[in-house]
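Q:
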Amino acid sequence: MAKLLPCISTVCISRRNLGHRQVTSRFLDFFQERQHVIVPSSSLLAPPETGLLFTNAGMNQFMRVLSGSEPAWVGRATSLQDCIRVGGKHNDLDEVGHDGHHHTFFQMLGSWSFGDYFKEEACLFALELLTSGYGLKKDQLKVTYFAGDSGLSVEADTETKHVWLNLGILEKNIMMRGLKDNFWEMGQTGPCGPCTEVHIVSGGELREIWNIVFIQYNRLPNGSLCALKTPYVDTGLGLERLCAILQGKTSNYDTDLFAPLIQQLEKNSGLLYHGSFDDTQDIAFRLVADHCRMVTKAVAQGILPDHRNAGNKLRRVLRRAVHASQFRLGLKPGQLAELSEIAGDILDVSGISEVKAVINDEEKRYLAMLRKADSVFAAEHQIVATQTLNSAASGAATLSVMRRRSPYLLVFLSLFSVCWIALTYHLLRAPDSNAVGDVQLTPYYRHDIEGKLESFELELRDQKTETQKLFHGIQPFRDGHRQSIGLRTDVTLLLGNAETRSAEKRVIPVLLFACNRVTVRKPIEQLLALRPSAERFPIIVSADCNHQFTINTIRSYGQRVQLIQQPNQTEFRLAPKQKKFRGYYAIARHYGWALNKIFVDLNYNAAIIVEDDLEVAPDFFSYFESLLPILEADPTLYCVSAWNDNGKKGLIDFNNASLLHRSDFFPGLGWMLTRQLWTEELMNKWPKAFWDDWIREPAQRRNRACIRPEVSRTKTFGKQIDWNGFSEHFEDFRRKSQAESLSSMNKKVNLDFHSKALKAASVPSTGHSKIYQNVYEMSSTIVYCAEVGSDCWVVALGDTCFYPEGGGQVADIGTITTKDDQEYRVRNVAKIGDHILHIIEGARCGPQIGSEVILRVDRTHREQCTWHHSACHLLNAAIKHQLGQNVQQHSSAVCDRHFRLDVIARSPVDVFHIEEFINSAIAANLSVQTEERGRDEALSDPRIIRLPGEVYPERIRLVRCGDVSIEACCGTHVSRTGEIPKVVILSSRSLGIHIKSVTATAAASDIAIENAELISTKIIALQSTVEQLTPE
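Here my numbering is used: the first residue of the sequence shown is 1, the next is one more, and so on.
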C-alpha cells in the first residue's frame, strides 16, 4: 500500500470556470492515462437482460459481464453514460423541479475494473482525481464504508476504512453506514457487494460526489452470499452534481448544463427565474429545462413518442413539458422545440431538425386532444347547469308553500341550496393554476376525458372494423398465402404432442385470491357449480388481510375448498410518498407467497389464477384444461388468459367463440401459468410491488406470448361456448402447426450453466472460421457433452461450421454423425461467451467426449438465410434512402423463408420504392465484403448502420454491400448481391405510432407473386360484387 501513496498530489488546482466539457474530459483523460479504455455511452434503450426500458446507470451495458454470462472484453473501462430514470425502482419523475438535484435525464461518469484492481487502487484513483484533478481539498472530503450485517453474515468492511486512512483521510471523516446506504445489489439474486461513498462538506451540507462499489459476492436464491472468484469495481458519479460542486453552485440547475435553457425560458416567457424550491413558477422552469434535455437526447437516439413501452414514457414526459411551458410559463406553440436546439448544443446532439419536428408534432397532437377534452367538458357543464336551473324552477313553487308553513325549514333549504351550488361550482371549475406538471397542471376532469379520447383514437386507428368486415371474403386466400411461404397467421398455435397429452386428465388447481371482500362467496359458489371434477380441479382460496368475516365464509365450505392464509401481516416500511402504494406492496407479497405455496409446497405443475371479484363462463374449466398441453409444448408461450383485452363489446365476434389469439401483452383477469415458469424464472426475482406491471416487462416476457380468446371466459364477455366447434378449431391448429417446433429443440436449456461448466473445465474456445467460409461439411472433435433431456444433449466442438443464432438470424440446422454412423439432428446452436453450444437429439446415448464427428449443415436452409440476411441490409438501406438517414433500426428477424425489419420512423414506408431499390441493388451484382475494425473507429463512422442499445465488442465485423450499405453484423452473407433471387415485399404495417415493420422474401418470391396475383383477382371480383350490391 505504501508504494501507492507518493502518487497522491496535494496541490490544489483552481477549478474556476470549469465547464461541463472540461469536467468530462478531465475525468476520461485521467482514467485513460491509467490504462482504462474509454467506452462510448450505450443507447438510452436498456439492454434486454436488465429488464428496464431505459438505461438508468453506467453499469447497464456491462450487465452481462457483471452477471458472469459473458467474459470481460477489457480489464479496465471508463465512460460518460447517458441515463434516464422515469420508471421502476429508480423513478425521479415526480421529484423533478422540486429540488436542485433530481432529473429525468442525467449523465453518469464511471470507471470499472473487471478482475484487474480492487479497493486500494479504486479509492486511490478517486482521491487523486478529486484533489489533483479537480482541486478539491482533502479535508473537505468525508467517506463512508459498510458497517456489516449480521443477517447476511457479512462483517464490516474495515479493509476499505484502512485504505482511506492510509490515503490520508482523517478518521473523524470516515463514517460507517448500514445495508441500505452502503451495500449494492443488482437484484434479488446475483452479484452484489459493499460500497464506499465520497462526500464533500459544502455550504454546511454533506453532498455525495462518488459511489464506489466493490462487487465481491454473489447472492444465491436462498438469500445467502458466497464470495466471487473474480471481484469487480463499479464506480459512478453524476456529471450534473459534480459540475454543481466544482462550479460552486447549490443547485444543478444553476450550472452550465441547465442555465442556458433557463435563460432562454426567461426570454421567451418574460418571467424571471429566482431559484426558489417553493415557488411553483420556478418549479416549472426547472421541469421544462430538465424534460427538454431528456426529450432531445431520447428523440435524437431514435426513441419516439408512442403508446407503449419506452415511447409511452417519452410521450408523457414530453406532454408534461408542453403543459408546464404553455400553461404556466406562457410559451407559445413551437417554442419548446426551439429550446431543444440549446439542449442539443449542451448535449452534443446531432440531427436536431428531426428532434424539433417530433416535438412539434407531439405538441400539436396533445393540444388538439386538450381542445377535444375542453369541448366535451363544456357540453357536460351545460347539461349540469341546465338541470340545476330546471331543479331551481320546479322548487320555486314548493318554496312558496313552505314559506307559509315553516320559516325554519325555509332557512335550512336556502342554506343547503347555496352550499350545493358552491359545491357544484367547485367541482366543475378548473383547479388552482399554481400547480405544475402533468398531474397538477391538468384539470382533473381533463385527465379522465383525455384518457378516454386517446383510447378511442387508438381504437379507431387500430381496429377499423368496417374495413375488416369488407375483406373477410379474402381472408382464406391471405391465410393460404402466408402458410405457403412459412408465415404463421395471428391465431396459429403450436400444439406439440397435444393429441396424447389432451387425453391425460391433469390436476389443475384454481387459486382464488381473497382479502376483505364480503362478496367472496359468489365466485366460490360459481367455481364449485361449474367445475367438472373436484379431483381434477381443487379450489384453493388464499386469504390475506386477516379479515375474519372472509375467513369464516371460506371455512364454511368445509373440505370442498382448501383455505391457505398468508401469514406475514407486518406493516411495510415505506417512504412517505410511497405509503399511498401500500396496497400494491401487500398484493405483490400475497401473490408471491401463494404461488410459492402452490408450486413449491403443494407441488402442482400448473395453476389457474383468479380473484374474488371475477365471474367465469360455463366453459371456464374446459377452456384451460384443453390449453394446458399447448402451454407446456410451445416455448414461445408463457401464459394462458381467459380475458380478451383487445376492446369493447362491439369489437368482439361472438359468432367466432372458438377463435384464439397470441398476445404480447399479459391480459390477466383469469390466467394460467406453469410451475416451471414460476420456479425457474419468476420466483427468485418476484417484485415487492406492482407485480402485474413487472410481469409485462421484456425481461419477464422474453418475446413470448399469452393465449387469449376472442370471447372472454371471464365476467365481461363470458358466454356458453360450442365446445365441439372449439375442438374442431384445435384440429385446424394441429394441421397448421409446424412440426419443427414440436421437437426437443425448444426444450428450455440452461445454457449459462453449461457455459460455466466449460469455463470450469478450461475447455478452449470454439473455432468458427469455417462458418464464414461457406463450409457445409467438415470433421471435428467433441470437447463437451451433457444430457439435457430424453435423447437430447448439449455438445461443444473444437471447431464448427454451424452458425449460432445471432444478429437476428436463426441458427443453422443439420446433422452430426459419429464414426460408427450414429446420427444426431442439430436442433439449435447458441454462442455463449467464447463457446458455441449445439443442442442435438437422436440416439439414446450421446456422443463421447474426444470422439471425431462429421458435421453437415443443411445447405438449402443456410443459403436461404444468407440471401435474406444480405437482402435485409439492402432493405435497411432502402428505407433510409426513402425516409432519411436518421431512421433507426428497431429489430430484425432472418430465417430461411422470409426476413423482417422494424424501424423507428414517423412517415409510412413506400413499398414500391423500397422493393425497386432492393431489386436494383441485386441486379447491379454489387460486391459484398467483410472487414474488421476497432470499435471506436467503427462507431465513429457516420456511414455505418448499427443497432441502438447494442453493446459492441472491441473488434467489430463490418459487412459492406457496394456503396449502398455498410453495417456492423455477425451474420452470414452472399459474396455478391446478384446471388439473391428477386425480393418481394410481403407486408408493411405499423406497430404502434412510430414503428414500421416490413416483411419480405427472396426464397419464396415466386410463390408470393403467384398468390398476390390470385388475391388481386379475388379483390377485383369482390369489389365488383360490392358495387352490384350498392344501391344507386
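Quick reminder that beta carbons are idealized off the backbone N, C-alpha and C, glycines included.
Quick caveat, the model's predicted, so the values are computed rather than measured.
Kindly indicate which three-state DSSP category C123 falls into: helix, strand or coil?
A: Taking the sequence shown and counting its residues from 1, one reaches residue 123 at position 123. DSSP places C123 in helix when its eight states are reduced to three.
Q: Give a yes or no on whether 8 Å exceeds the smallest Cβ distance from D791 to chain C.
A: Checking the listed chains, one finds no chain C in this structure; it contains a single protein chain.
Q: Please go through the same chain and pick out, in chain order, the residues whose beta-carbon is closer than 7 Å to the beta-carbon of V23, but skip the five residues on each side of it.
A: On the sequence shown, position 23 is the one that residue 23 refers to. Cβ neighbours of V23 beyond the five flanking positions: L239, L242, C243 and L246.
Q: Do E852 and K819 have their C-beta atoms within less than 8 Å of each other?
A: Position 852 of the sequence shown, counted from the start, is the residue given in the question as residue 852. Position 819 of the sequence shown, counted from the start, is the residue given in the question as residue 819. In this structure, K819 lies closer than 8 Å to E852 by Cβ.
Q: List the whole-angstrom C-beta distance separating M175 from T144, where the pair is believed to meet the contact cut-off of C-beta under 8 Å.
A: On the sequence shown, position 175 is the one that residue 175 refers to. On the sequence shown, position 144 is the one that residue 144 refers to. With 8 Å as the limit, M175 and T144 qualify as a contact, their Cβ atoms being about 5 Å apart.
Q: Comparing alpha-carbon positions, which option in T250, V288 and I283 lies nearest Q264?
A: Position 264 of the sequence shown, counted from the first residue, corresponds to residue 264. Out of T250, V288 and I283, V288 has the C-alpha closest to the C-alpha of Q264.
Q: So what's T817 in DSSP terms, helix, strand or just coil?
A: As a working mapping, residue 817 is identified with position 817 in the sequence shown. In the structure shown, T817 sits in a strand (DSSP, three-state: E or B).
Q: Tell me the rounded alpha-carbon separation between A588 and C545.
A: What you label residue 588 is simply residue 588 of the sequence shown in a count that begins at 1. What you label residue 545 is simply residue 545 of the sequence shown in a count that begins at 1. Their Cα atoms are separated by approximately 13 Å.
Q: Taking N218 and P194 to be in contact with their CB atoms under 8 Å, please state how far apart those CB atoms are, rounded to whole angstroms.
A: Within the sequence shown, numbered from 1, the residue matching residue 218 stands at position 218. Within the sequence shown, numbered from 1, the residue matching residue 194 stands at position 194. About 14 Å; that fails the 8 Å criterion.
Q: Which stretch, first to last residue, makes up the alpha helix (DSSP H) that contains W164?
A: For the purposes of this step, residue 164 is taken as residue 164 along the sequence shown, with counting starting at 1. Per DSSP, W164 belongs to the alpha helix (DSSP H) from T158 to N166.
Q: Which residue or residues does DSSP assign as beta-bridge partners of M778?
A: As a working mapping, residue 778 is identified with position 778 in the sequence shown. DSSP, once it has assigned bridges, lists L855 as partnering M778.
Q: Just verifying my parser: in three-state terms, what is the DSSP assignment at D234?
A: On the sequence shown, residue 234 is found 234 positions in, with the first residue counted as 1. In the structure shown, D234 sits in a strand (DSSP, three-state: E or B).
Q: In terms of alpha-carbon separation, which member of I1009, D896, S870 and R900 lies closest to G978?
A: Locating residue 978 in the sequence shown gives position 978, counting from the first residue. Looking at the Cα atoms, S870 is the closest of the given residues.
Q: Under a three-way DSSP split, which group does I993 fall into?
A: On the sequence shown, position 993 is the one that residue 993 refers to. DSSP places I993 in coil when its eight states are reduced to three.
Q: Quick check on DSSP: helix, strand or coil for E535?
A: Position 535 of the sequence shown holds residue 535. Three-state result, E535: coil.
Q: Have a look at D821 and I782 and give me their C-alpha separation to the nearest angstrom.
A: If you number the sequence shown from 1, residue 821 lands on position 821. If you number the sequence shown from 1, residue 782 lands on position 782. In a straight line, the C-alpha of D821 is about 15 Å away from that of I782.
Q: Quick one: what does DSSP say T1025 is sitting in, helix, strand or coil?
A: Within the sequence shown, residue 1025 is the residue found at index 1025, counting from 1. Reduced to three states, the DSSP call for T1025 is helix.
Q: Exposed or buried, which one is P942 when buried takes at least 16 other CB atoms within 10 Å?
A: Sequence index remark: in the sequence shown, residue 942 carries index 942 (1-based). Classification of P942: exposed, given that the 10 Å Cβ count is below 16.
Q: Might you give, ordered along the chain, the residues of its own chain that have their beta carbon closer than 7 Å to the beta carbon of F258, omitting 5 neighbours on each side?
A: Locating residue 258 in the sequence shown gives position 258, counting from the first residue. If we look at F258 and ignore the five residues flanking it on each side, its Cβ neighbours are N252 and A289.
Q: If I follow the unbroken alpha helix (DSSP H) through F621, where does it start and stop?
A: Position 621 of the sequence shown holds residue 621. Looking at the DSSP string, the run of the alpha helix (DSSP H) that includes F621 is F620 to A633.
Q: Use the C-beta contact count for Q35: other C-beta atoms within 10 angstroms, 16 or more gives buried, fewer gives exposed.
A: Along the sequence shown, one-based indexing puts residue 35 at 35. Q35 comes out exposed.
Q: Nearest-angstrom Cα distance between G850 and Q773?
A: Residue mapping note: residue 850 aligns to position 850 of the sequence shown, counting from 1. Residue mapping note: residue 773 aligns to position 773 of the sequence shown, counting from 1. Roughly 25 Å separates the two Cα atoms.
Q: Any idea what DSSP makes of G190, helix, strand or coil?
A: Stepping through the sequence shown from its first residue, residue 190 is reached at position 190. In the structure shown, G190 sits in a strand (DSSP, three-state: E or B).
Q: By the three-class DSSP mapping on this structure, what secondary structure does S111 have?
A: By one-based count along the sequence shown, residue 111 stands at place 111. Strand.
Q: Tell me the rounded alpha-carbon separation between Y604 and Q700.
A: Counting from 1 along the sequence shown, the entry for residue 604 is found at position 604. Counting from 1 along the sequence shown, the entry for residue 700 is found at position 700. For Y604 and Q700, the distance between alpha carbons rounds to 21 Å.
Q: Just to confirm the assignment, what range does the alpha helix (DSSP H) spanning I346 have?
A: Numbered from 1 along the sequence shown, position 346 holds the residue referred to as residue 346. Taken as a continuous stretch (DSSP letters only), the alpha helix (DSSP H) holding I346 covers Q335 to L347.
Q: Mind checking whether Q281 and R320 have CB atoms under 8 Å apart?
A: Here residue 281 refers to the residue found at position 281 when the sequence shown is read from its first residue. Here residue 320 refers to the residue found at position 320 when the sequence shown is read from its first residue. Not in contact: Q281 and R320 (Cβ atoms no closer than 8 Å).
Q: Write down the C-beta distance between F30 and L129 rounded to the nearest angstrom, noting that I regard them as a contact closer than 8 Å.
A: As a position in the sequence shown, residue 30 is number 30, starting the count at 1. As a position in the sequence shown, residue 129 is number 129, starting the count at 1. Going by Cβ atoms, the distance from F30 to L129 rounds to 5 Å, so yes, they are a contact pair.
Q: Taking only three categories from DSSP, how would you classify P804?
A: For this step, residue 804 is matched to residue 804 along the sequence shown. P804 falls in the coil class under three-state DSSP.
Q: Can you look up I839 in the DSSP assignment and give me helix, strand or coil?
A: Within the sequence shown, the letter at position 839 stands for residue 839. Of the three classes helix, strand and coil, the one that applies to I839 here is strand, per DSSP.
Q: DSSP puts V903 in a beta bridge; with which residues?
A: As a working note, residue 903 is residue 903 in the sequence shown. The partner list for V903 (beta bridge, DSSP) reads Q889 and K996.
Q: Per DSSP, which residues does T674 bridge with? Please list them.
A: Here residue 674 corresponds to residue number 674 of the sequence shown, with the count starting at 1. In the DSSP output, where bridge partners are listed per residue, T674 has A606.
Q: Do S269 and L331 have their C-beta atoms within less than 8 Å of each other?
A: Start at 1 with the first residue of the sequence shown, and residue 269 comes out as number 269. Start at 1 with the first residue of the sequence shown, and residue 331 comes out as number 331. Yes, the Cβ-Cβ distance between S269 and L331 is below 8 Å.
Q: Within the chosen definition, does the stretch 873–893 reach the stretch 787–795 through at least 3 CB pairs nearer than 8 Å?
A: The answer is no - the stretch 787–795 does not touch the stretch 873–893, with fewer than three Cβ pairs under 8 Å.
Q: Note down, one range per segment and in chain order, each alpha helix (DSSP H) of at least 4 residues found wholly within the stretch 574–603.
A: The qualifying runs are 582–596.
Q: Exposed or buried, D664, counting other C-beta atoms within 10 Å across all chains shown (16 or more means buried)?
A: For the purposes of this step, residue 664 is identified with residue 664 of the sequence shown, where counting begins at 1. D664 comes out exposed.
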